[in-house]
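**Student:** Per UniProt numbering, numbering through the sequence shown is continuous, rising by one, with the last residue being 320.
For reference, the structure I am asking about is given below.
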Amino acid sequence: MSIPEIPKYPVFTGFQESSLVTESDEDRDPNTTMQDDEIICSRKFGSPVRYYPVESSLQCKFSPGAKKYGRGKEIIYKIKNIETGEAKVGITAQGFRKRMWQHLSCARHPEKDRGRSDLYESMRRSPTKFRMGVVPTQKEELSEELDGSDLETMVIVDHDMISKGFNKIKGGGGGTIVPPMANVDPPSSFQTPEKEYKIKSRIYKERSRLHVNYSPMGGKRKSVVYGFRRDDGKWFIGETSQSFRKRMYGYHYAFDHPEKDIGKRPLVEAVRKEPDRWKVYILYQGPHIKQMEKLWIKAKNAIDDGFNQLEGGGGPLGKK
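Here it is, written out as structure tokens:
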């Protein structure tokens, strides 16, 4: 799939950095020192956001304050070489610390394909020159139509991370890159996987209850686009940054409570009425799941001829 031209965005005035803000005592790591140039002020998050130094062992100690950027909160991060100014910008919803640990693990394993990128080679040569931090986005000043992927692209362009950094294209670079808000036709590779999970009935507490019969490994997968497919070809597409297992728990609850609002959604009622006609699939796993969800919805015509009523899945159970 060829990458289309990135659309134009509203006027963007850049991101502010300040060396005048100090971090609160509860957010400070007592085992590390903090220099003025390692602190950035963010009006979006309402508290200072700092860069964390990488150690010579390619490890990084994060202060307790880093926990606030946890799983499910879409944040933009930056890994910067303070000597050369080169940096990589990315986006994650799985938690800032977890994403940074993944980068550090890649840097520690040059024998693996993922550990051979320019960023990781540079980190191995001069680990103590690198800092990891959250980029303040001040999203409230931008168009409400922009999501995290759009902001990521704007940070990359604003900081010139393609020509002067480790970003090779206008997206963070992890896995499949999907241009933000691009009007692209889904490629022919958007085919239904062979692996499918049936919806079965089991007796629990003397009641028959519906559940998605996923595999143990499938249940652990995170940052996925999933789909419910009826045997007549009608789809519902959704996404989750949580584990697939946790997302399915929400459906199990909805199937079991027809008296509640979530149990009255069109998809849930259709599955409850004829569970044997349905299969569930993990369609995609990787970054930019919101953008990939939109492409899968388009590929499966899930709005006009399916159970999606919005361009995005509308949450775990769709819209009413």
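All residues carry an ideal CB built from backbone N, CA and C; glycine is no exception.
I'd like to check one pair, W296 with V225: are the Cβ atoms closer than 8 Å?
**Tutor:** yes
**Student:** I'd like to check one pair, E74 with K129: are the Cβ atoms closer than 8 Å?
**Tutor:** No, Cβ-Cβ distance for K129 and E74 is not below 8 Å.
**Student:** What's the call for G233, buried or exposed, on a 16-neighbour Cβ count within 10 Å?
**Tutor:** exposed
**Student:** In this structure, does DSSP put T92 in helix, strand or coil?
**Tutor:** Strand at T92.
**Student:** Quick one: what does DSSP say E293 is sitting in, helix, strand or coil?
**Tutor:** helix
**Student:** Within 10 Å of its beta-carbon, does S122 have 16 or more other beta-carbons around it, so buried, or fewer, so exposed?
**Tutor:** By the 16-neighbour rule on beta-carbons within 10 angstroms, S122 is buried.
**Student:** In terms of residue numbering, what span does the beta strand (DSSP E) encompassing Y281 cover?
**Tutor:** Per DSSP, the unbroken beta strand (DSSP E) holding Y281 starts and ends at W278 to Q285.
**Student:** Grouping DSSP H, G and I as helix and E and B as strand, with all else coil, what is L310?
**Tutor:** coil
**Student:** Grab the span of the alpha helix (DSSP H) containing V271 for me, first residue to last.
**Tutor:** P266 to K273
**Student:** Which residues bound the beta strand (DSSP E) around F130?
**Tutor:** Where F130 is concerned, the enclosing beta strand (DSSP E) stretches over F130 to V134.
**Student:** Please list, in chain order, all residues of the same chain as W235 whose beta carbon is under 6 Å from its beta carbon, the five residues on each side excluded.
**Tutor:** G227, R229, K300, A302 and G306
**Student:** Please state whether DSSP places Y253 in a helix, a strand or coil.
**Tutor:** helix
**Student:** Can you tell me the Cα-Cα spacing of G90 and Y51, whole angstroms?
**Tutor:** 15 Å
**Student:** Looking only at its own chain, which residues have a Cβ that is under 8 Å from the Cβ of R209, when we skip the five neighbours before and after it?
**Tutor:** S201, R202, I203, H252, F255 and D256
**Student:** Of all the options Y214, I199, H211 and T240, which has the alpha carbon lying nearest to the alpha carbon of A93?
**Tutor:** T240
**Student:** What residues match up with G238 in a beta bridge as DSSP calls it?
**Tutor:** Y226
**Student:** Under the DSSP definition of a beta bridge, which residues are partnered with I75?
**Tutor:** T92
**Student:** Tell me which same chain residues have a C-beta within less than 6 Å of the C-beta of D304, skipping the five on either side of it?
**Tutor:** none
**Student:** Under the DSSP definition of a beta bridge, which residues are partnered with Y52?
**Tutor:** M132
**Student:** Excluding the five sequence neighbours on either side, which residues of its own chain have a C-beta within less than 6 Å of the C-beta of F190, listed in chain order?
**Tutor:** A299
**Student:** Rounded to the nearest angstrom, what separates R221 and R245 at their Cα positions?
**Tutor:** 8 Å
**Student:** Is the beta carbon of R108 sitting closer than 8 Å to the one on F62?
**Tutor:** no
**Student:** Can you name, in chain order, every residue of its own chain whose Cβ lies under 6 Å from the Cβ of S56, other than the five neighbours on each side?
**Tutor:** P127 and T128
**Student:** Out of T192, A87, Q102 and V54, state which residue places its alpha-carbon closest to the alpha-carbon of G165.
**Tutor:** Ranked by Cα distance from G165, the options T192, A87, Q102 and V54 are led by A87.
**Student:** Figure out for me which residue from Y249, T192 and P64 has the closest Cα to the Cα of I199.
**Tutor:** Y249
**Student:** Could you check how far apart the C-beta atoms of G218 and I282 are, in whole angstroms? I think they sit under 8 Å.
**Tutor:** 6 Å
**Student:** Could you have a look at Y120 and say whether DSSP puts it in helix, strand or coil?
**Tutor:** helix
**Student:** Could you tell me the distance, in whole angstroms, from the CA atom of I289 to the CA atom of C60?
**Tutor:** 27 Å
**Student:** Between the C-alpha atoms of N81 and K67, what's the straight-line distance to the nearest angstrom?
**Tutor:** 23 Å
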